[in-house]
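Residue numbers (my numbering): 1 to 224.
Where a beta carbon is used, it is the ideal one built from N, C-alpha and C, also for glycine.
What follows is one structure encoded as structure tokens, with my remarks underneath.
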């Protein structure tokens, strides 16, 4: 299953090779395959299997996201994430993955993902702890600067956005784009991201599609 998921994701990523004289250099993917492979292995090894939710992988024009059930497993937390600490939530699964050659040394997975992406000239991947999930965001090269929903400087803006549009009620993607100062296509990507996280819902279909923020405490918590 891991190999199938890896092959499928690899086929969806842009790739290229460069000529050095008459010799082709190895194919390069827009996100390093080592990082993709490690993210898949981590998703299987470290998810909370007692939580009734699926692991979700979403490919956007500017990034790929892995949304995995379960928060960080103590003593690991967002502050010490890069220190190489390791503790297995599912030791039997981790042992099976190690015997199959999918896992190597303990505590190197997160740094491998980060280093692989940085060495490829990409923005640093983000590991975001939500209420019941951990989300890994790996950026694609062409539109890193357009991604805003998890950037630290826009968290306060996200709360402002929610307040503004909650008072308005239903709104269109064009109205949302005008308010945040982005294109309609980028506004739709952000709204889709908000839907995936559970604090925006879509009303209607086609040209009549509108959106609204869900008035719940959990949505406020996720935006903070």
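* To do: Kindly confirm or deny that the segment 116–127 and the segment 48–55 touch, where touching means at least three C-beta pairs closer than 8 angstroms.
  => Counting C-beta pairs closer than 8 angstroms gives fewer than three between the segment 116–127 and the segment 48–55, which falls short of the contact rule.
* Asked: Is the segment 80–87 touching the segment 5–15, taking contact as three or more C-beta pairs under 8 angstroms?
  -> no
* Return the chain-ordered list of same chain residues with a C-beta closer than 6 angstroms to the C-beta of residue 89, the five sequence neighbours on each side being excluded. => As a working note, residue 89 is residue 89 in the chain shown. 46, 73, listed in sequence order.
* Asked: Is it right to say residue 193 is buried, meaning 16 or more other beta carbons lie within 10 angstroms of its own, or is it exposed?
  -> Position 193 of the chain shown, counted from the start, is the residue given in the question as residue 193. Classification of residue 193: buried, given that the 10 Å Cβ count is 16 or more.
* Asked: In whole angstroms, what separates the C-alpha of residue 167 from that of residue 189?
  -> One-based indexing of the chain shown puts residue 167 at position 167. One-based indexing of the chain shown puts residue 189 at position 189. Cα to Cα, the separation comes out at about 22 angstroms.
* Helix or strand or just coil, what does DSSP make of residue 132? -> Within the chain shown, numbered from 1, the residue matching residue 132 stands at position 132. Per DSSP, reduced to three states, the secondary structure at residue 132 is coil, with no helix or strand assignment.
* Along the chain, where does the beta strand (DSSP E) that runs through residue 69 open and close? -> Translated into the one-based positions of the chain shown, residue 69 becomes position 69. It spans 63–69 - the beta strand (DSSP E) in which residue 69 sits, taken as one unbroken run.
* **Terminal residues of the alpha helix (DSSP H) in which residue 119 lies** => For this step, residue 119 is matched to residue 119 along the chain shown. First-last of the alpha helix (DSSP H) with residue 119: 109–119.
* Rounded Cβ spacing between residue 66 and residue 43 (contact assumed at less than 8 angstroms) -> Here the question's residue 66 lines up with position 66 in the chain shown. Here the question's residue 43 lines up with position 43 in the chain shown. With a Cβ gap of about 6 angstroms, residue 66 and residue 43 count as contacting.
* Return the residue from the list 132, 32, 54 that minimises the CA-CA distance to residue 63. => Numbered from 1 along the chain shown, position 63 holds the residue referred to as residue 63. Taking only the C-alpha atoms, the option nearest residue 63 is 32.
* Asked: With C-beta atoms as the reference, is residue 39 less than 9 angstroms away from residue 130?
  -> Counting from one through the chain shown, the residue named residue 39 turns up at place 39. Counting from one through the chain shown, the residue named residue 130 turns up at place 130. Cβ atoms of residue 39 and residue 130: not closer than 9 angstroms.
* Asked: Is residue 40 helix, strand or coil by DSSP?
  -> Residue numbering aside, residue 40 sits at position 40 when the chain shown is read from its first letter. Here residue 40 sits in helix by DSSP.
* Asked: In whole angstroms, what separates the C-alpha of residue 3 from that of residue 203?
  -> Sequence index remark: in the chain shown, residue 3 carries index 3 (1-based). Sequence index remark: in the chain shown, residue 203 carries index 203 (1-based). Between residue 3 and residue 203, the C-alpha separation is close to 38 angstroms.
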